[in-house]
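Before any comments, here is the structure.
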Amino acid sequence: MLHPIQRARAWPRRLDSEHGRNQLKLAAEKGLSPGSITHPLKLRQLADDIPAKLLDLTKDEDVRRYGLNQMKALAELPHEEQRKRLVEIERKASTNA
13 MLHPIQRARA WPRRLDSEHG RNQLKLAAEK GLSPGSITHP LKLRQLADDI
63 PAKLLDLTKD EDVRRYGLNQ MKALAELPHE EQRKRLVEIE RKASTNA
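Shown next as structure tokens:
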């Protein structure tokens, strides 16, 4: 299972490098709704150290724990608050393990 952050990193490069490509065209090409393109792109607003952590996830359960909706909510916060909330998520995960 791949984390949505991988798409969030690949798609902008593709959108920027291919003349005339936009989110609607990319969505149609991938057989996805436009929202399915837009939502992962919001993860680009995460503090720089958070995507690096997400890219290192290898277990499906970890990918789900740090899922798209939870990371989108984090992305809307200031970077320092993102980091604090991520620590809370990690702490909760360790107590449930």
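According to the numbering used here, the sequence shown is numbered sequentially starting from 13. Beta carbons are placed, not taken as given, at the ideal position from N, Cα and C, and that holds for glycine. Quantities reported herein were computed from a predicted structural model and do not represent experimental measurements.
Residue i versus residue j - alpha carbon distance
i	j	result
glutamine 35	threonine 50	7 Å
aspartate 68	histidine 15	9 Å
arginine 103	histidine 31	44 Å
aspartate 72	glutamine 94	22 Å
glutamate 88	glutamine 82	10 Å
serine 45	serine 29	21 Å
glutamate 41	arginine 21	17 Å
aspartate 74	serine 48	21 Å
arginine 33	alanine 64	27 Å
Span of the alpha helix (DSSP H) around residue i
i	result
histidine 15	Unbroken run through histidine 15: none, as it is neither H nor E.
Outcome for residue i when other beta-carbon atoms lying within 10 angstroms are tallied against a minimum of 16
i	result
proline 90	exposed
arginine 19	buried
methionine 13	exposed
Rounded Cβ spacing between residue i and residue j (contact assumed at less than 8 Å)
i	j	result
leucine 53	proline 24	7 Å
leucine 27	isoleucine 62	So it is not a contact: roughly 22 Å between Cβ atoms.
arginine 77	alanine 105	6 Å
leucine 58	leucine 86	6 Å
isoleucine 17	leucine 66	4 Å
Within the region 31–105, ranges of the alpha helix (DSSP H) (whole runs, at least 4 residues): Counting only runs of 4 or more, we get 35–42, 46–53, 61–67, 72–77, 80–87.
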